[in-house]
Amino acid sequence: MFEYNNIFSLVATLLIGLGFGILLQKGRFCFTSALRDFIAFKDTRVLNGVIIGIVTMMLGTSLVYIFGVSSSNFWVSNYGLSNIIGGFVFGIGMVYGGGCASGTLYRAGEGYIHYWLVLISACVGYILFAALFPEFFLPYFFVPLQIFDGYSLIASLELLAPVVPIVLIATSIIYLRSKNKLIINQTIQSIKISNISSESLKAEWDTKLVGLGMGILATLWFVVWGTLSVTGPQAKWTGLIYSEIVGLETLQQNVYWNNVVFRDGIFSISLDMILFVSLILGAFISAYLSGDFKVRVIKRSRIPNAVIGGLAMGFGSRMAPGCNISNTFSGLAFLSVAGFITSLGLLLGVYVATHWMFRRSGCAI
Amino acid sequence: MEERKVNDEDMKEIEQSAVIIDIEGEVCPYPQIIAREEIKKIDSGKIVVIQTDHVMATKAVPQSVSNDVSEYGIWKSGSGQYKIILWKK
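Quick look at the structure:
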């Protein structure tokens with residue numbers, strides 16, 4: 001039933017998942033919020049944390065890769081216009097539904113019925129997508145649109161890969177210091193151990209520190225398993241649960257379930273699926289200890305947001321392929337072309353949906 | 366826009382003169398949209414208190430109205446309820 005090398009990788013997976021859940025919850029680390037609030041109010045606080053996380057992951061994964069600590073491969077998807085369309089649909093869904101793939105997950109742990117409904121709707125989206133894949137999405141979407149082989153600068157540079165993040169980090173430090181925006185002493189002061197109290201642990205954590213932690217955890221996850229993704233394991237859970245309802249044979253006959261979601265037709269619980277569950281658990285523990293947990297009943301008038309937003313995220317993440325985490329986080333960290341163009345489509349979707357939702361009060365950008 | 370610390374007693378005083386808006390159950394981005402509309406409606410120097418159970422609102426709402434607000438405060442119940450106090454410029 002389980003598919004893992006040893007007990008250590010299972011324990012590591014559980015701990016990394018709990019860590020992700022805690023960091024996402026404490027940092028209110030949400031990609032929708034990062035992009036939407038930048039467009040609507042030029043608020044860059046969450047966005048800065050996301051950028052720090054991406055660069056940390058780029059440095060971490062390229063280092064463990066060249067030192068041979070990790071045998072994982074960089075997830076580098078083939079690309080084409082399909083990524084932009086998939087990203088666009090996903091971007092619309094995450095603004096309308098109220099959260100990205102990772103944001104939905106940690107808020108499910110905080111007790112929101114709304115985000116559980118987004119999750120379930122995304123899963124229904126996967127089932128519909130898989131049913132339409134052989135006759136529609138494969139011949140009319142992927143074959144004509146996904147035409148280029150995947151390329152990642154970090155993967156192709158091999159031994160020279162860490163040079164890229166090091167140059168990026170050095171340049172931004174020099175730039176920020178010249179603008180007097182980076183006062184290193186003050187930053188170190190603010191994270192002194194003596195400043196940590198139960199009150200500061202219960203309050204919101206600085207998004208930049210959370211971004212740094214996310215990059216470090218994503219690197220550890222790269223050592224244990226591979227590329228960090230949310231909707232990938234979510235689709236696998238959907239498949240396993242769906243197979244209990246309609247029978248395994250039905251899924252084995254479908255090329256999308258049998259060859260894309262579960263590679264080589266192995267329908268079992270893998271480590272990334274365990275990470276997915278422990279992330280929700282980590283967010284629950286963190287929210288509970290911080291006084292942020294509450295079973296929040298969904299407003300009836302917002303049910304369409306959760307259902308339509310979730311379905312759009314389900315379809316969009318299958319079409320791109322990948323969610324905000326595998327593209328806008330891992331994909332950008334690997335400097336993968338698919339990551340960049342999917343993120344571009346996602347940003348366009350967020351832009352259109354944000355302007356529509358803020359049509360009465362207006363947007364900054 | 367500065368953050369002002371508020372305790373339970375401050376909260377009682379603030380609520381006597383503030384415009385109180387209950388948006389329990391709303392999730393992103395509706396708290397921000399509602400906050401922007403409500404802050405426009407009131408006079409300069411007045412206070413809006415937004416009652417919410419959305420964790421993200423405590424971060425996103427003050428930022429969404431930062432141009433119109435001189436100070437903001439966050440009151441936490443400890444059981445998933447929050448009051449966001451906005452002092453209009």
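Chains as they are written, first to last, in this note's numbering: chain A, 1 to 365; chain B, 366 to 454.
The beta carbon of each residue, even a glycine, is placed where N, CA and C say it ideally should be.
Query, Result
"Length at least 4, wholly inside the segment 122-178 of chain A: the alpha helix (DSSP H) runs in chain order", "153-157, 163-178"
"Length of the line joining the Cα atoms of A/Leu240 and A/Trp257", "10 Å"
"Beta carbon proximity, A/Asp43 to chain B, threshold 8 Å", "yes"
"Local Cβ density within 10 Å of B/Glu402, reported as buried at 16 or more and exposed below that", "exposed"
"Chain-order list of residues whose beta-carbon lies under 6 Å from that of A/Pro304 (same chain, five-residue window excluded)", "none"
"Close Cβ partners of B/Asp433 (< 7 Å) along its chain, the five nearest in sequence each way excluded", "Ile404, Lys453, Lys454"
"Contact check, A/Gly291 vs A/Ile85, beta carbons under 8 Å", "no"
"Beta-carbon gap between A/Thr219 and A/Gly27 smaller than 8 Å", "no"
"Buried versus exposed, by CB contacts within 10 Å (16 or more), A/Ile147", "exposed"
"A/Arg296 in three-state terms, based on DSSP", "strand"
"Whether A/Ser317 touches A/Thr231 by CB criterion (8 Å)", "yes"
"C-beta neighbour in chain A for B/Ser435, strict 8 Å", "no"
"Start and end residues, beta strand (DSSP E) containing B/Ser435", "434-441"
"Buried versus exposed, by CB contacts within 10 Å (16 or more), A/Ile335", "Ile is not the amino acid found at residue 335 of chain A; the sequence shown has Leu there. Classification for A/Leu335: buried."
"Where A/Cys30 meets chain B, residues with beta-carbon distance less than 8 Å", "Cys393, Met421"
"Closer than 8 Å to chain A by CB, B/Glu378", "no"
"6 Å Cβ shell around A/Val337 - same chain, five flanking residues per side excluded", "Tyr79, Tyr151"
"Continuous beta strand (DSSP E) assignments of at least 3 residues falling wholly in the segment 196-240 of chain A", "none"
"Residue-chain proximity (A/Glu110, chain B), Cβ-Cβ < 8 Å", "yes"
"Within chain B, partners of A/Gly49 - CB distance below 7 Å", "Near A/Gly49 there are no residues of chain B at all, since even the closest Cβ is about 11 Å away, more than 7 Å."
"Cutoff 8 Å: A/His355 Cβ touching any chain B Cβ", "no"
"Stretch-stretch touch, CB-based, cutoff 8 Å, three pairs: the segment 123-130 of chain A with the segment 306-313 of chain A", "yes"
"Short CB-CB distance (under 8 Å) between B/Gly438 and chain A", "no"
"Same chain, Cβ closer than 7 Å to A/Leu382, neighbours up to 5 away in sequence not counted", "Any answer about residue 382 of chain A is impossible in this case: the structure gives chain A only from 1 up to 365."
"Span separating the alpha-carbon of A/Pro144 from that of B/Thr423", "46 Å"
"Residue from A/Ala353, A/Ser229, A/Thr342 with nearest C-alpha to A/Asn75", "Before going further, note that residue 75 of chain A is Trp rather than Asn in the sequence given. The candidate whose alpha carbon is nearest that of A/Trp75 is A/Ser229."
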